[in-house]
Amino acid sequence: MLTTTAETRRLKRQARALSIDAETLVAEVLGRLDGHAPDSPAARAMLLDAVKTALKSARDAAERDLLDSHRGTRCAQAICAAQDELIRAVHLWAIRYVFPRENPSEAEALAIAAVGGYGRGTLAPGSDIDLLFILPYKQTPWGESVTEFVLYMLWDLGQKVGHAVRSVDDSIRMARSDMTIRTATLESRFLAGEKRLFDRMREKFEADVVAHTGPEFIAAKMAERDARHDAQGNTRYVVEPNVKDGKGGLRDLNTLYWIGKYFYRVQTSAELVDKDVFSPAEFRLFQRAEDFLWAVRCNLHFLVGRADDRLTFEVQQDMAERLGYADRAGMLGVERFMKRYFLVAKDVGDLTRIFCTSLEFAHAKKIDAFGRILGPFRKKRRAIRGEPDFVIEHGRLNIADQEVFENDPVNLIKIFWIAGREGVMFHPDALKRASRSMRLIDANLRNSERANAYFLDILVSPVSVERVLRRMNESGVLGKFVPEFGKIVALMQFNMYHHYTVDEHLIRAVGVMAEIANGGLKDELPLTHELLPHLSDTRLLFVALFLHDIAKGRPQDHSEAGEQIARKFCPRLGLTAAETETVAWLVRYHLLMSEIAQARDIQDPETARNFAEIVQSPQRLALLMILTACDIRAVGPGVWTGWKGSLLRALYYATEPLLSGGHSQVSQSDRIREAQTTLGGALADWPDDRVEDYLDRHYPNYWLRAEPELQVAHARMIKGALDRNSEFAGATTIKTFEGITEVSFYTPDHPRLLSLIAGACTMSDASIIGAQVFNTKDGHALDTFRLRRAFTTDEDEKVRAARIIDTVRALLEGRKYLPEDLGSDSRYNRRLKPFSVPTEIFISNALSDKFTVIEISGLDRTGLLYHLTRALSDLNLTIGSAHIGTYGEKAVDVFYVTDLTGGKIQNKQRQNRIRSALEAVFEAPARRKVSA
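Using this note's numbering, you'd call the opening residue of the sequence shown number 913 and step up by one each time.
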């Protein structure tokens, strides 16, 4: 194992550049003692003050240089160098002036080594200081005293110190049995004390541990990497990535460094070029990636003032400014910064994958130590029938010779097609060669019928499409072959709704469609599976999903721009004019069904009629239904819910008869009679006269708009109230499949009823996703609020719902008041601080026959629905239904309203007053005490 002398000298030079030197620092403190003994508490306080001042000065200088140069590795090394000298100074003071040894025994010796990340010679401002105190044998009182002096001084500086005190033999014994200790020992670097102890430990470590455990170490590090990736979501494209532990972060580079140092006996990453692991170009890529990630991590620690390695939305804008990213046409500066981050993460992934897989093949004879199965490697190389340019080598797809891509560039696409067809992974040599042949992907290849036929087959093959597309994207081939896709690679949208970059979202959306085609998600998407066998061509869904967000990041509307891209790209794939038209239409309207289902009253006949005019055919309706479900499921974990699925299904069932000609057979009066007959059958245990009396309580719109199962729940709730001779009732229905809890209220009507219920929900941290509002002929309100499920058990959901019902009753009776600052200063609101969403108020009388529709969008906040419904009450508007949508930081709330006489809001001046009042809610939420 090589020594760390060169590394130590380099860090000392950097420390001197920051005007920090251990001997000089000690001498300065000695000069200020003014009669105090060096081992006195006063002297210790002076030393602490000097060390603290020096550390702050060094960090300030490092931060200034980072802001000027954006050189992250240099910043991390400078902070590390300063830390080294401060520890040396403290150690020097301890052994010279506090615990001097006149005739030290052999056992009175101590070495201090930096381990872990600190041992690599880089430190972020908030990083832990990991130290190993090395003893010759067992601990002595002198060694214990020196160790405590150093540690207490560092703790008094406010530093987080991880430390261990071990003898040389203990260090080796523990390194053998514990992989974490082995890795820390591998990275150990001498700081202070008896260097012979450190050298002895390193020599024994190499001879007794490293020499015979290479494959074991690699297997452990790869398993650690996989577990870490799983914990972080197993994708490098999450929009709030972890710079240190996330996929494509610094820890992945560390893994590469550890394996190189352990297996190839290198001391620096640069030596991996000499070992033929990396080409010079790949090593430059390594350096650029490392420098950028260190710049991000150091800036992040300086910005938040603590150790925090997650790039949350709250800091991303400030980070973009610190790193010099400004706004450009179609992209915010923060989006440009995050795109750069994800491209670097992708580079890190490429480097670590190529490195680790190459290593695996270089040592295939020891493959059993990797925890792999020997079977595929016994036959080293075999031909693929009918494919002379490709072979299976060690169970993976490889090229037959180095000229395969040069001789026929179509092979750059075909290799991915074969990988999908054969169900095999790629040999690292093939990927390396493909990456180095990117210049061959030109206009001729993009227009090649053969190449496009292979790509279309890749795109519509459910068994392998997601895996193959992701590998095409990671290799860079996909972005070169489809330049429009290349523009959205690593593109992040600065919002809380989308969990992944655009390219990852598109690949995941195609993957959802593939899962459906393979028979999966039957419980989650029942209607999709009903529709699939009746589609004339499912291929179009794969193509449309691949293209639906491909125009993100442009100044124009991405749906319209995407439609134009589809019209050019589909003929390239060999699609007919009719097929191209269908795909282009799906891309143009891919958001329409979701928007209508979640923001319109589906029970209003006008909603389905307007939607049907755009869709025009049952086939398009089915295609759009499936595409919408795939799109929403691919947005991120938890975004798709059974409730959203039920809304989409309801819209589909309301629209399909209009497109197939069946709507003219059922009149509105027939629908009302059918609903009443169905409810009467469900209430068979009631006396006939009581059923008739109950049916007569409701206005016609109730029978047209309330779902049958909700009508049954309402009937039983109202019967219970009447039996108790009560004017108030509340009921709860848990809908596990939809992921919602319905809370219904029956009470004398009240002008502020909706806002009081919304306020009660806010007090219980309940997220409202929809509301249906009805009045009965006897002057009562019958309101149902749908809440997003928050608990795993139904019992907990019922407890929360009961608390909301009790709060509403207390508010109506004047026994309780809503807080003045309802919805302010919450953690959620602080999370929204980085975002800016323009407030838009849209008022329309064309979307419903009976109601004026008010659509409100703007920055979400806790209690927003309460303030909006309160404002609508103040405007003397009656709310017929409410549709609540939240898309990350953006709230989209739609209200179907009338005036107090039941008419639409036609007067323009009154519409302007409504608009102004609702805009004021977003500018300055009301804070006065409210009661019934």
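We treat Cβ as the ideally placed atom computed from N, Cα and C, and that holds for glycine. The structure presented is a predicted model; accordingly, all values stated were derived computationally and were not measured.
Locate the alpha helix (DSSP H) running through residue i, then write down its first and last residues.
| i | result |
| --- | --- |
| arginine 1078 | It is not in any alpha helix (DSSP H) - arginine 1078 instead sits in the beta strand (DSSP E) that spans 1073–1079. |
| glutamate 1847 | Examination of residue 1847 is not possible in this model, given that the chain is present from 913 through 1844 alone. |
| lysine 1326 | 1323–1334 |
| alanine 1643 | Looking at the DSSP string, alanine 1643 is not in any alpha helix (DSSP H); the run it does join, the beta strand (DSSP E), is 1641–1647. |
| valine 1424 | 1414–1429 |
| proline 1569 | 1554–1572 |
| threonine 1224 | No alpha helix (DSSP H) holds threonine 1224; DSSP gives it neither H nor E. |
| glycine 1055 | 1053–1068 |
| histidine 1794 | It should be noted that the sequence gives alanine, not histidine, for residue 1794. Where alanine 1794 is concerned, there is no enclosing alpha helix (DSSP H), although the beta strand (DSSP E) it sits in stretches over 1790–1799. |
| aspartate 1786 | 1776–1786 |
Using the beta-carbon count (16 or more within 10 Å), is residue i buried or exposed?
| i | result |
| --- | --- |
| tryptophan 1067 | exposed |
| lysine 1392 | buried |
| alanine 1295 | exposed |
| lysine 1277 | For lysine 1277, the pLDDT reaches just 39, beneath the cut-off of 50, and the residue's location in the model is therefore unreliable, although a value from the coordinates is still provided. With fewer than 16 other Cβ atoms within 10 Å, it is exposed. |
| lysine 1173 | buried |
| valine 1603 | buried |
| alanine 988 | buried |
| aspartate 1608 | exposed |
| asparagine 1637 | exposed |
| proline 1127 | buried |
| tyrosine 1366 | buried |
Identify, in the order they occur along the chain, each residue of the same chain with its Cβ nearer than 7 Å to the Cβ of residue i, setting aside the five sequence neighbours on each side.
| i | result |
| --- | --- |
| lysine 1728 | Thr1719 and Ala1722 |
| methionine 1425 | Leu1453, Phe1454, Leu1457 and Cys1542 |
| valine 856 | Nothing can be reported for residue 856, as the shown portion of the chain is limited to 913 through 1844. |
| arginine 1451 | Val1372 |
| serine 1360 | Val1322 |
| alanine 1641 | Met1629, Ile1630, Gly1632, Ala1633 and Tyr1658 |
| leucine 1780 | Ile1768, Asp1805, Leu1830 and Val1833 |
Kindly indicate if chain D contains any beta-carbon less than 8 Å away from that of residue i.
| i | result |
| --- | --- |
| glycine 1029 | Although the question refers to chain D, the structure presented lacks it and comprises just one protein chain. |
Have a look at the options and flag the residue whose alpha-carbon is nearest the alpha-carbon of residue i.
| i | options | result |
| --- | --- | --- |
| glutamate 1436 | Leu1560, Leu1485 and Leu1418 | Leu1560 |
| threonine 1494 | Arg1466, Ile1526, Ile1514 and Arg1521 | Ile1526 |
| glycine 1775 | Asn1824, Phe1834, Leu1759 and Ile1766 | Phe1834 |
| glutamate 1247 | Thr1704, Lys1258 and Ala1232 | Ala1232 |
| histidine 1219 | Glu1118, Leu1730, Ile1041 and Arg1177 | Rather than histidine, the amino acid found at residue 1219 in this sequence is alanine. Comparing Cα-Cα distances from alanine 1219 to each of Glu1118, Leu1730, Ile1041 and Arg1177, the minimum goes to Ile1041. |
| serine 994 | Arg1240, Val1185 and Ala966 | Inspection of the sequence shows that residue 994 is occupied by alanine rather than by serine. Closest option to alanine 994, Cα to Cα, is Ala966. |
| threonine 1751 | Leu1771, Lys1762 and Asp1761 | Leu1771 |
| arginine 1252 | Pro1153, Asp933, Ile1330 and Phe1328 | Pro1153 |
| asparagine 1319 | Glu1334, Phe1302 and His1306 | Phe1302 |
| threonine 1589 | Ala1562, Gln1623 and Ser1558 | Gln1623 |
| leucine 1759 | Thr1052, Pro1517 and Leu1459 | Pro1517 |
| alanine 1643 | His1626, Thr985 and Leu1734 | His1626 |
| aspartate 1164 | Thr1553, Ala1201 and Val1150 | Ala1201 |
| leucine 1694 | Tyr1611, Phe1747, Ala1135 and Ile1311 | Tyr1611 |
| aspartate 1811 | Gly1797, Ile1791 and Gln1821 | Ile1791 |
| valine 1414 | Leu1022, Ser952, Gly1432 and Arg1382 | Arg1382 |
| glycine 1236 | Gly1432, Arg1532, His982 and Asp1313 | His982 |
Output the boundary residues of the beta strand (DSSP E) element that contains residue i.
| i | result |
| --- | --- |
| valine 1804 | 1802–1810 |
| histidine 1692 | 1692–1700 |
| tyrosine 1009 | Segment: none, tyrosine 1009 is in no beta strand (DSSP E) and carries neither H nor E. |
| valine 1655 | 1652–1660 |
What residues in its chain sit with their C-beta under 6 Å from that of residue i, if we drop five residues either side in the sequence?
| i | result |
| --- | --- |
| arginine 1209 | Ala1036 and Val1155 |
| glutamate 1654 | Thr1645, Thr1696 and Arg1698 |
| arginine 1013 | Glu1020 |
| alanine 1794 | Ala1683 and Phe1807 |
| phenylalanine 1204 | Val1256 |
| asparagine 1522 | none |
Cutting at 8 Å between CB atoms, please list the residues of its own chain near residue i, excluding the five before and the five after it.
| i | result |
| --- | --- |
| isoleucine 1171 | Phe1129, Ile1130, Lys1133, Phe1267, Cys1268 and Leu1271 |
| aspartate 1230 | Leu1215 |
| aspartate 1706 | Ile1646 and Thr1648 |
| valine 1551 | Tyr1409, His1411, Ile1544 and Arg1545 |
| alanine 1520 | Ile1514, Leu1563, Ala1566, Thr1567 and Leu1570 |
| arginine 1827 | Ile1753 and Ile1755 |
Between the region 1796–1812 and the region 1502–1512, are three or more C-beta pairs nearer than 8 Å? The count of Cβ pairs closer than 8 Å, one atom from the region 1796–1812 and one from the region 1502–1512, reaches three, so the stretches are in contact.
Does the structure place the region 1665–1685 close enough to the region 1752–1766 that three or more beta carbon pairs sit under 8 Å? The region 1752–1766 is not in contact with the region 1665–1685.
Across the region 1332–1347 and the region 1398–1407, are there enough close Cβ pairs to call them in contact, namely three or more that are closer than 8 Å? Contact annotation: the region 1332–1347 does not touch the region 1398–1407, with fewer than three C-beta pairs closer than 8 Å.
Counting pairs of Cβ atoms below 8 Å between the region 1086–1101 and the region 1048–1061, do you hit three or more? Proximity of the region 1086–1101 to the region 1048–1061 falls short of the contact definition, fewer than three beta-carbon pairs being nearer than 8 Å.
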